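Colleague: Using numbering that gives the first Met the number 0, the first residue of the sequence shown is number 0, and each one after it goes up by one.
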Amino acid sequence: MFKDGDENSDKDASCEISKFKVPPKTKLGKLVSEVYNPDQDLIALGYEHGTVIVKRVGWKTCWKKELANEIGVYRGAFAEPENPDSVDLKCLCWSPDGEVLVAAMADGRIHMMWAQCGKIAYTFKAVNT
0 MFKDGDENSD KDASCEISKF KVPPKTKLGK LVSEVYNPDQ DLIALGYEHG
50 TVIVKRVGWK TCWKKELANE IGVYRGAFAE PENPDSVDLK CLCWSPDGEV
100 LVAAMADGRI HMMWAQCGKI AYTFKAVNT
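1. For Gly71 and Lys124, I'd like the C-alpha separation in whole angstroms.
2. What number of angstroms, rounded off, separates the C-alpha of His48 from the C-alpha of Tyr121?
3. Judging by CA-CA distance, which residue of Gly57, Ala67, Lys118 and Thr50 is the nearest neighbour of Glu98?
4. First and last residue of the beta strand (DSSP E) that includes Trp93?
5. Among Ala114, Gln115, Ala43 and Asp96, which one has its Cα closest to the Cα of Val31?
6. Measuring alpha carbon to alpha carbon, tell me which of Gln115, Ala114, Met112 and Arg108 ends up nearest Asn127.
7. Output yes or no for whether 8 Å exceeds the beta carbon distance between Asp40 and Val56.
8. Sort Ala103, Asn68 and Val34 by Cα distance to Lys54 and report the nearest one.
9. Could you tell me the alpha carbon to alpha carbon distance between Val103 and Ser94, rounded to whole angstroms?
10. Go to Leu30, then tell me how far its beta strand (DSSP E) extends in each direction, as first and last residue.
11. When you compare each of Lys89, Gly45 and Asn36 to Asp106 by their alpha carbons, which one comes out closest?
12. State the beta-bridge partners of His48 as determined by DSSP.
13. Within this structure, are the beta carbons of Lys63 and Thr50 separated by less than 8 Å?
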């Protein structure tokens with residue numbers, strides 16, 4: 000990583016992940032969210048049209064999920080989004096323990112997914128008051 004005597008040689012090895020360059024636009028669309036897991040060696044990448052990819056350090060893909068047409072897991076009744084333009088991904092966030100990845104969609108749907116497999120644990124709809 001760093002040579003002895005290098006001015007950066009005292010930096011922690013955990014900074015190594017920041018060297019990876021994620022292209023802002025790929026065939027999946029524009030990258031809108033990039034978040035590092037606080038507890039595990041995972042990075043979540045979210046693209047504008049609803050694709051979420053979770054990778055390990057070294058860019059090994061753990062899982063990939065298409066959320067644009069995903070209704071989710073609800074406790075009550077829910078209809079599919081009426082406007083297909085409103086299914087864009089807005090942001091991603093890890094839970095403090097790193098076990099759950101939360102994805103917020105433009106139409107107000109919020110998906111909570113398990114970090115290790117990407118399975119949706121719960122979905123709810125945000126209400127604008």
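Quick reminder that beta carbons are idealized off the backbone N, C-alpha and C, glycines included.
Just so you know, these numbers come straight off a predicted model, no measurement behind them.
Modeller: So, to answer that:
1. 10 Å
2. 20 Å
3. Lys118
4. Leu88 to Trp93
5. Ala43
6. Arg108
7. yes
8. Val34
9. Per the sequence shown, the amino acid found at residue 103 is Ala instead of Val. Cα to Cα, the separation comes out at about 13 Å.
10. Gly28 to Tyr35
11. Lys89
12. DSSP, once it has assigned bridges, lists no residue as partnering His48.
13. yes
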